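In my numbering, the protein residues as written are 31 to 96.
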């Protein structure tokens, strides 16, 4: 099983909702493109404001979703 570096992204939307998404990449870097990718995956729009990004560690996909 391939291990990736997983991050939890938390967002607030203009309509008052909150959402989180967990995403993994082969490296430990978070840049604007990845923040935007996570925002689009979770809320699908540009009105989402990032609240926090947490590093969860290096793990397999199965470990990340459990």
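Beta carbons: idealized from backbone N, C-alpha and C, even for Gly. These numbers come from a predicted model, not from an experiment.
Counting every other CB atom within 10 Å of its CB across the protein chains shown gives residue 50 a total below 16, marking it as exposed. Per DSSP, the continuous alpha helix (DSSP H) segment holding residue 63 begins and ends at 62-72.
Around the CB of residue 44, fewer than 16 other CB atoms lie within 10 Å, so the residue is classed as exposed. Burial of residue 37 is indicated by the presence of at least 16 other C-beta atoms within 10 angstroms of its C-beta. In the three-state reduction of the DSSP assignment, residue 49 falls in the strand class.
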